[in-house]
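*Asks:* So the sequence lines, in the order shown, correspond to chains A and B. Throughout the first sequence, residue numbering follows my numbering, covering 70 to 429 in sequence. Throughout the second sequence, residue numbering follows my numbering, covering 10 to 648 in sequence.
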Amino acid sequence: MKKMRWLAMLLAIVMVAAACGSDDDTGTADGGTDESTDEGTDEGTDEGTDEGTDEGTDEGTDEGTDEVDVAQGGDLTFHMITHSDDGPFWTVVQNGAEAAAEAMGVNLVWLASNNMPDVQAQLIDQAISEGSDGIASSLPSPDQLIPGLKAAADGGIPVYTLNSGVNDYESIGATTHVGQTEFIAGQGAGKRFNDLGATSILCGRQEESNVALEERCDGLADTFEGDVLSEFMGLDQDAAAQEANINATLAANPDIDGFMGAGPVIGLSGLRASEALGRDLTIAAFDITPEIIDAIDAGTIQFTVDQQQYLQGYLPIVLMFLEATNKNTAGGGLPILTGPGFVDSNNVSAVASLVEQSTR
Amino acid sequence: MTDVVTADAAEAESATGDDERLSFQGVFQKLFIRPEIGAVLGATAIWTFFWAVSIPFGTAGGASNILDVSATLGIMAVAVAMLMIGGEFDLSSGAATGALGIVTLLLVRDVTGTAGGLGLHLLIALPLSFIVALALGWLNGTMVERTGLPSFIVTLATFFVLRGMKLGFAKLIVDQIQVGKMDDLKGENKGYEFFQKVFAYEWQRNDHQWALRDALYTGLVIVGLSLVVIAVYELHFKRKAQHNPIGMIMFVAGAALGVASVAILHLTDDTAGNWFGAIVGLAAMLIGFLGLGVWRYEMRGDRGTLKMPSDAVRSVGIGIVLIVLGVISAIVLDSDSNEQVLPLTTEQGLRAILFVGLSALGFVSLMVGVHQAGRVSRMSASAFTVGTAVIGLLMAFFVQSESESEKFRNEAFSIILVVSALALTWAIANYFFQNRGSSDIHIEHLGTRIAIAGLLIFLIGMLIRLLFTVDAEIEAGIAPAKYSVRILWFVAFTIACSWVLASTKFGSWVFAVGGNKQASRQVGVPAARTKTQLFMLVSVAAWLVGTLLAFRINTLQANTGNGLEFEYIIAAVVGGTMLTGGYGSTIGASIGAVIMAMSVLGIPNSNWNSDWRFVFLGAILLLAVIGNNFIKTKAENLR
């Protein structure tokens with residue numbers, strides 16, 4: 070039942086978003102005038118005198134002809150502030166946010182802190198002082214980031230959390246959270262393993278104290294009907310040792326017939342270990358990389374859990390737009406889940422081409 | 010035992026004056042001043058421990074897994090040990106492995122398609138990345154030498170630069186945080202097929218059956234070990250002028266009895282057969298080795314009287330109590346129970362740990378007692394040794410009768426039996442024959458050569474056991490094991506570095522600049538150049554490891570190798586290399602890498618909770634350093 074409600078809500082949001090997109094024809098026109106101003110200034114620097122007049126006429130027509138449009142589009146500036154390291158994962162989030170901003174006709178400021186909480190806290194303060202119309206932020210380190218986001222929400226700026234922050238979005242006064250909860254993702258994987266007929270799974274983690282990874286394995290253990298052994302199997306930095314670790318664990322547990330890697334690299338290490346031991350395992354991983362796609366295509370890895378992070382970039386922009394223009398507050402106090410989505414042999418070829426475009 | 014081989018290197022490195030160099034050192038004393046002796050003992054102890062508590066650890070599959078992890082870690086540890094002996098650190102060595110692998114991958118990747126790369130032939134790409142490696146090492150070395158800053162800081166900076174460059178260039182060129190894939194070159198006529206064999210060939214054990222394996226393996230191992238023991242006798246006892254033919258006949262008879270004993274043990278697997286075979290074997294050893302003594306060595310004149318010093322009696326008492334406690338715990342605890350008793354282990358695991366641990370400690374205490382008795386008189390030492398050996402023999406039969414598992418009943422039983430019997434004959438031989446008191450170059454050369462031959466034969470025997478399988482094992486459904494050519498690279502690199510360190514001018518310079526740079530410069534050692542070359546050696550090792558990894562996992566993450574530099578340093582330190590420079594061993598570092606691999610893999614092999622693995626690693630590191638230090642001071646006091 071709960072699931073259905075989420076689905077319905079997601080559908081509604083997407084439909085509204087689509088509607089806004091089509092409604093935005095005037096918005097694109099507005100974008101067009103913006104472009105012409107840009108061109109104008111470009112030319113202006115060359116010609117010198119034209120600059121002032123060009124800008125003046127553009128602004129004049131904007132204000133004069135369609136006031137509503139200005140309020141909806143060009144004047145809204147949203148900040149998306151994340152701990153992004155500019156890796157492939159966050160590139161997809163950024164692409165989602167940019168696509169949404171273009172569709173809504175709003176300005177997007179993308180700020181990445183590269184996993185540095187202090188920097189991210191500064192960026193939040195910066196967004197507030199710039200008079201942001203909406204802040205969407207990831208919340209990887211609550212202690213450093215909550216004060217800033219709370220101040221933003223208290224100051225009347227719509228705040229959304231994305232990717233991480235599902236436990237804290239309410240306390241800071243954010244409208245909702247857009248992301249995947251690791252536990253539910255693990256639960257989804259557990260059900261898949263049940264369907265695939267596994268009886269005993271090793272859930273390998275690539276970091277020794279990362280709550281998110283533990284939750285993935287805990288979720289797996291929650292829905293999986295057989296035994297789950299959740300162990301730290303060595304860092305991604307040393308993939309060869311990781312493989313040897315998995316090999317050693319599998320050798321010590323002859324009854325294990327499934328392997329879940331809590332990340333893409335460790336998933337592939339598990340695949341190599343099972344091949345070295347000559348064991349026929351049901352293997353799954355988290356997240357999408359080209360190698361994982363290849364392995365699913367080849368049938369050596371059965372599926373991977375995809376948190377569909379494109380939605381984590383796209384949806385907050387749509388939600389902030391609706392809150393700013395229509396005073397909608399989606400979520401009903403609950404988080405909006407973007408995953409788990411699954412990539413398996415049925416949809417791998419379709420997803421592969423989307424991965425190339427960096428939208429999956 | 011490897012240490013006998015290169016014992017003269019230790020002499021050269023630690024001698025400061027002519028007097029000391031000429032003074033006589035017994036075979037054991039020479040052994041114990043080697044820097045890697047602690048690592049050898051530690052590796053044996055950890056192997057025995059995990060062999061006892063886990064099922065897959067002692068199998069061929071377990072061994073291949075350990076060697077595989079050791080290989081890449083070991084190549085780096087050996088190079089880093091050389092650099093540390095030379096008095097410097099390289100914190101960029103870990104990041105460099107990934108960086109140089111990524112360089113190679115970027116050079117060979119094809120430009121066609123969405124992602125970038127130069128699409129070069131491997132024959133061009135590998136030398137190019139090798140040159141990059143040399144340049145990186147040269148840069149590190151030159152910066153350290155020119156600035157005069159500690160290498161710790163300079164290479165920390167290089168580490169960060171490399172770490173950033175890996176990520177930056179990977180994303181700039183291929184727009185991903187990983188660079189792949191080496192096996193995309195398959196069929197592209199860029200030398201992949203050839204270099205894949207060079208860097209990643211794998212020997213599948215289950216595809217290689219050899220019916221003669223067990224006979225060959227047993228024979229070679231026994232012959233090898235006997236030769237090593239003969240070498241020890243030769244090095245320890247004083248030769249007599251006139252050989253005694255009766256002794257030679259006894260020796261040959263002992264050898265024949267030995268063959269008979271192996272045959273009996275091989276053909277029977279019941280208690281009575283084992284008993285009989287063991288007794289024949291014991292007789293073979295006594296007759297053979299005492300025959301060797303009668304044949305070649307001088308009789309001892311003064312044997313002293315039997316005294317019981319109180320400290321020795323106390324040590325023996327503690328030893329016996331510990332062993333009895335171990336035996337009691339083995340009898341009381343249930344060997345079939347898988348019930349969890351402590352957070353780490355099950356009841357049967359606890360039983361194995363208590364039994365092996367307590368009896369090992371007990372025997373250590375007994376040996377301390379023997380040592381203490383040896384200070385009083387030869388007679389007392391022999392008496393105490395005989396006592397210890399007898400307790401060992403009893404333990405062997407206890408293990409054989411009490412154990413449920415095959416490996417304890419056969420392998421542990423045989424090993425304890427053989428070691429106890431050797432100790433017994435050693436005690437008796439020491440009672441009768443006179444030991445050497447002066448150095449003699451001919452005796453030492455002969456002894457060393459016999460020892461090397463024995464070790465090689467022993468290793469070939471073990472290799473046959475590891476590389477080949479037999480029908481019976483396949484039928485029993487043994488897990489496949491594969492040995493990668495990486496292990497061969499590791500061994501070759503270790504041998505090459507050890508040879509350079511022990512037998513070349515450059516090797517002496519390394520010790521000199523690490524011991525005292527200023528002084529070495531004053532006697533004409535090109536200190537700056539030597540250090541720069543050492544940095545280049547480390548980055549060449551990183552290039553090798555990076556290449557091995559690229560061929561092994563095909564796709565390298567941008568963070569590959571980051572942070573592993575500390576594992577290399579730890580392996581070198583566990584292997585007896587000092588952090589202060591001027592002292593250390595490459596063989597020790599390679600064994601240190603094996604210790605690290607065993608500690609990391611023994612935990613999942615024993616089904617322990619992996620949350621505790623760093624506790625275990627920390628304990629091993631601490632024990633290794635304390636042990637090395639203890640042995641070193643003891644051995645130096647003996648001089």
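All C-beta atoms, glycine included, are put in the ideal place defined by N, C-alpha and C. All values reported here derive from a predicted model rather than from experimental measurement.
Going by DSSP, name the residue or residues bridged to A205/A.
*Replies:* Looking up residue 205/A in the first sequence gives position 136. M149/A and Y229/A.
*Asks:* List the residues of chain B whose Cβ lies closer than 7 Å to the Cβ of P157/A, in chain order.
*Replies:* Translated into the one-based positions of the first sequence, residue 157/A becomes position 88. Result: Q185 and I186.
*Asks:* By DSSP, does H454/B sit in helix, in strand, or in coil?
*Replies:* Mapped onto the second sequence, residue 454/B falls at position 445. Looking at H454/B - three-state DSSP - the assignment turns out to be helix.
*Asks:* Considering only C-alpha positions, which residue in the set I84/B, A559/B, V36/B and E243/B is nearest to I459/B?
*Replies:* Taking the second sequence and counting its residues from 1, one reaches residue 459/B at position 450. Selected option, being the one with the closest Cα: E243/B.
*Asks:* Using a Cβ cut-off of 8 Å (strictly closer), state whether V78/B contacts chain A.
*Replies:* The residue you call residue 78/B lines up with position 69 of the second sequence. Judged by the 8 Å Cβ criterion, V78/B is in contact with chain A.
*Asks:* So with CB distances below 9 Å, who are the chain A contacts of T569/B?
*Replies:* In the second sequence, the residue the question calls residue 569/B occupies position 560. Under the 9 Å cutoff, chain A gives D305, Q306, D307 and A308.
*Asks:* Which whole-angstrom value describes the C-beta separation of R285/A and F372/A, a residue pair presumed to lie in contact below a C-beta threshold of 8 Å?
*Replies:* Within the first sequence, numbered from 1, the residue matching residue 285/A stands at position 216. Within the first sequence, numbered from 1, the residue matching residue 372/A stands at position 303. Contact flag wrong, Cβ pair sits at about 14 Å.
*Asks:* Classify S299/A as helix, strand or coil using the three-state DSSP reduction.
*Replies:* The residue given as residue 299/A occupies position 230 in the first sequence. The answer is strand: DSSP assigns S299/A an E or B state.
*Asks:* Counting contacts by CB-CB distance shorter than 8 Å, is V162/A in contact with chain B?
*Replies:* On the first sequence, residue 162/A is found 93 positions in, with the first residue counted as 1. It does not; no Cβ of chain B falls within 8 Å.
*Asks:* Along chain A, in chain order, which residues have C-beta atoms closer than 7 Å to that of L610/B?
*Replies:* As a first step, residue 610/B is located in the second sequence; it is residue number 601 there, counting from the start. Chain A residues near L610/B: A313, N314 and A317.
*Asks:* In chain B, what lies closer than 8 Å to I322/A by C-beta?
*Replies:* Locating residue 322/A in the first sequence gives position 253, counting from the first residue. Rather than Ile, the amino acid found at residue 322/A in this sequence is Asn. Simply N616.
*Asks:* With burial defined as no fewer than 16 other Cβ atoms inside 10 Å of the residue's Cβ, what is the status of G266/A: buried or exposed?
*Replies:* Locating residue 266/A in the first sequence gives position 197, where the first residue counts as 1. Burial call: exposed.
*Asks:* Compile a chain-ordered list of the residues in the segment 528–559 of chain B whose CB is closer than 9 Å to at least one CB of chain A.
*Replies:* Residues passing the 9 Å Cβ filter: L557 and L558.
*Asks:* Buried or exposed: where does E300/A fall if 16 or more other Cβ atoms within 10 Å of its Cβ makes it buried?
*Replies:* Position 231 of the first sequence, counted from the start, is the residue given in the question as residue 300/A. Buried is the call here.
*Asks:* When the distance is taken between beta carbons, is Y238/A closer than 8 Å to P404/A?
*Replies:* Position 335 of the first sequence, counted from the start, is the residue given in the question as residue 404/A. Position 169 of the first sequence, counted from the start, is the residue given in the question as residue 238/A. In this structure, Y238/A lies closer than 8 Å to P404/A by Cβ.
*Asks:* Just the chain B side, please: which residues come within less than 7 Å of V334/A by C-beta, in chain order?
*Replies:* Numbered from its first residue, the first sequence carries residue 334/A at position 265. Simply Q566.
*Asks:* Need the endpoints of the beta strand (DSSP E) that K491/B sits in, please.
*Replies:* Walking along the second sequence from the start, residue 491/B turns up at place 482. Looking at the DSSP string, the run of the beta strand (DSSP E) that includes K491/B is K491 to S493.
*Asks:* Report the residues of the segment 348–380 of chain A with a CB closer than 9 Å to any CB of chain B, ordered along the chain.
*Replies:* If the cut-off is 9 Å between Cβ atoms, the segment 348–380 of chain A has R348, T358, P359, E360 and D363 near chain B.
*Asks:* Just to confirm, are S320/A and G71/B a CB contact at a threshold of 8 Å?
*Replies:* The residue given as residue 320/A occupies position 251 in the first sequence. The residue given as residue 71/B occupies position 62 in the second sequence. It should be noted that the sequence gives Ala, not Ser, for residue 320/A. Going by C-beta atoms, A320/A is nearer than 8 Å to G71/B.
*Asks:* Can the beta-carbon of I370/A be found less than 8 Å from the beta-carbon of A364/A?
*Replies:* For this step, residue 370/A is matched to residue 301 along the first sequence. For this step, residue 364/A is matched to residue 295 along the first sequence. Closer than 8 Å, so yes.
*Asks:* From the DSSP secondary-structure annotation, give me the bridge partner or partners of N481/A.
*Replies:* Because chain A is modelled from 70 through 429, residue 481/A falls outside the range shown and cannot be assessed.
*Asks:* Opposite M376/B in the DSSP bridges: which residues?
*Replies:* What you label residue 376/B is simply residue 367 of the second sequence in a count that begins at 1. M376/B is not bridged to any residue.
*Asks:* So is K199/B in contact with chain A if we call contact Cβ pairs under 8 Å?
*Replies:* If you number the second sequence from 1, residue 199/B lands on position 190. Output row for K199/B: interface = no.
*Asks:* Please state whether DSSP places E97/B in a helix, a strand or coil.
*Replies:* For the purposes of this step, residue 97/B is identified with residue 88 of the second sequence, where counting begins at 1. E97/B: coil per DSSP, three-state reduction.
*Asks:* So L573/B contacts chain A; which residues on that side make the cut at Cβ distance below 7 Å?
*Replies:* The sequence position of residue 573/B within the second sequence is 564, counting from 1. What L573/B touches in chain A: Q306 and D307.
*Asks:* Kindly indicate which residue of F203/B, A581/B and G555/B has the alpha-carbon position closest to the one of N571/B.
*Replies:* Indexing the second sequence from 1 puts residue 571/B at position 562. Closest by alpha carbon: G555/B.
*Asks:* Can you pull the chain A neighbours of N74/B, defined as C-beta to C-beta under 7 Å?
*Replies:* Position 65 of the second sequence, counting from 1, holds the residue named residue 74/B. Simply A313, N316 and A317.
*Asks:* Once the 5 residues before and after S507/B are set aside, which same chain residues still bring their CB inside 6 Å of it?
*Replies:* Along the second sequence, one-based indexing puts residue 507/B at 498. Same-chain partners within the cutoff: T595 and I596.
*Asks:* Short check: CB of I352/A to CB of S343/A, under 8 Å?
*Replies:* One-based indexing of the first sequence puts residue 352/A at position 283. One-based indexing of the first sequence puts residue 343/A at position 274. Closer than 8 Å, so yes.
*Asks:* Quick one: what's got a C-beta closer than 6 Å to G330/A's C-beta in the same chain, skipping five residues either side?
*Replies:* To locate residue 330/A, count along the first sequence from 1; it is residue 261. Once the five neighbours on either side are set aside, the close Cβ partners of G330/A are G273, G336, G339 and A354.
*Asks:* Which residues, in chain order, does the segment 273–303 of chain A contribute to contact with chain B at a C-beta distance below 8 Å?
*Replies:* Result list: E277, E300, F301, M302 and G303.
*Asks:* CB R222/B to CB I473/B, shorter than 8 Å?
*Replies:* Stepping through the second sequence from its first residue, residue 222/B is reached at position 213. Stepping through the second sequence from its first residue, residue 473/B is reached at position 464. Cβ atoms of R222/B and I473/B: closer than 8 Å.
*Asks:* Of the residues F639/B, W498/B, L229/B and A398/B, which one's Cα is nearest the Cα of Y210/B?
*Replies:* The residue you call residue 210/B lines up with position 201 of the second sequence. That would be W498/B, whose Cα lies nearest to the Cα of Y210/B.
*Asks:* At the 8 Å Cβ level, is A168/A part of the contact set with chain B, yes or no?
*Replies:* Working through the first sequence from its first residue, we reach residue 168/A at position 99. It does not: the Cβ of A168/A has no partner Cβ on chain B nearer than 8 Å.
*Asks:* Thinking A467/B and V230/B are a contact (beta carbons under 8 Å), I'd like their distance in whole angstroms, please.
*Replies:* In the second sequence, the residue the question calls residue 467/B occupies position 458. In the second sequence, the residue the question calls residue 230/B occupies position 221. A small fix is needed here, since residue 467/B is Phe in this sequence, not Ala. Their Cβ separation, rounded to whole angstroms, is 6 Å, which keeps F467/B and V230/B in contact under 8 Å.
*Asks:* Is any beta-carbon of chain B found at less than 8 Å from that of A345/A?
*Replies:* Against the first sequence, residue 345/A aligns to sequence position 276. For A345/A, the answer is yes, since a Cβ of chain B falls inside 8 Å of its Cβ.
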